[in-house]
Structures are given as structure tokens and as C-alpha cells.
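K.L.:
Numbering (my numbering), first residue to last: 16 to 218.
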């Protein structure tokens, strides 16, 4: 009988095969469970976002009913929305249905804090530096308001033709923007004064 020996290529093949088997049995299960847990966490976050979106559109519908309907139709937001809009309403979820807990309040508080920290947008008067024009307008007599409207419409008629100079066009557009802002402010003040007068008369 000849001695049975393992040649070098056979040894390499056996080592490679055993390495793949060890990796498959020991490492694939842990990585698979990690990917499954991360996928389920992503699914929960996506489902929460869908529920929030639907609840913003339809605040009268309960969160639990929305989650039940989304679970039944495979997360189809359009189908749930159409079911609500059709007037059929959503089915009441069974008592055994336990929706996943919402996202912790700490994460929502942390997302809400930057939104509050963001400075408010300034009003148009501040944004376009129209304080001087506002003070100038306030110093005018109320009777001259009609003359101002007539002059502003005259200016608009004169400025209908576009100038070839870019600076003149920009100045014309800026003047029109300022006039529109001031006219909107006058209209808003008139509406507020009218509402205050109605409130005083009602009392």
C-alpha cells in the first residue's frame, strides 16, 4: 500500500473550504441579525414618518387607526389617504393590535430646538430698509394720500418703457417693489383699523 499524502493544492483547498464554512456559520448570523435589526429600525422610522404625514393632513383620525391601516396595506400611504378621503373611514384596529412605540421625545425635542433657535424672518420694512420711507409717509397729511396714489400710478405709466441701462432698470424695479410694500402696509393698516372700529361698535 502506498502512503496517502495530501498534496499542497489539496491542503490549500481544504483550508479555504473550512475558512468559508467557519465564516458562513459564525459570522453571517451576527451580521444578518444586525442588518435585520437596522432594517426593522428603518422600517419603524419610515412608518412613523408616514403616520405623521397622514395625521398632519387628517388630524381627526386616530394615530392607532392610521398605523393599523398602513400595516394592513403594506405601508401604502396613498391607499390610506384615499380611504380617508372617500368618506369610508378607517377600520377600528382590534384590541390585540399594539403599534410600535413612537420615537422618543428626546429626539423630537432635539429636532425642535434648532427650529426654535433659528431667528425669525424680519418684516419687509426691515428687510428692504424702508424705515425712512415709512417715517416720511407717516409725517405726510392723510389728505395727501390720494395725491400719492395718483403720482405713483403716473410714475408706473412713465416707467413702462424699459431702459437700456441696467442700473436704471434695477432702480426702477426697486422703486416699484418699495411702492408695492408700502401700499400693502397701508392696506393692512386700513384693514386693522376697520376691524378695530367694528369691534368697538359691537361692544
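In this text, a Cβ means the ideal position worked out from N, Cα and C, and glycines have one as well.
Going by the beta-carbon positions, is the gap between residue 148 and residue 193 smaller than 8 Å?
P.N.:
Cβ distance < 8 Å, so residue 148 and residue 193 count as in contact.
K.L.:
What's the gap between the Cα of residue 90 and the Cα of residue 61?
P.N.:
Straight-line Cα distance between these residues: approximately 9 Å.
K.L.:
One question on the structure: do residue 84 and residue 105 come within less than 8 Å of each other, judged by their Cβ atoms?
P.N.:
Yes, they are a contact pair.
K.L.:
So, using beta-carbon positions, are residue 59 and residue 82 closer together than 8 Å?
P.N.:
Going by C-beta atoms, residue 59 is not nearer than 8 Å to residue 82.
K.L.:
Between the C-alpha atoms of residue 31 and residue 112, what's the straight-line distance to the nearest angstrom?
P.N.:
Residue 31 and residue 112: Cα-Cα distance of roughly 49 Å.
K.L.:
Just to confirm my understanding: we take residue 34, look at its own chain, exclude 5 residues before and 5 after, and list those with CB closer than 7 Å. What are they?
P.N.:
Answer for residue 34: no residue qualifies.
K.L.:
Are the beta-carbon atoms of residue 109 and residue 79 separated by less than 8 Å?
P.N.:
For residue 109 and residue 79, no; Cβs fall outside 8 Å.
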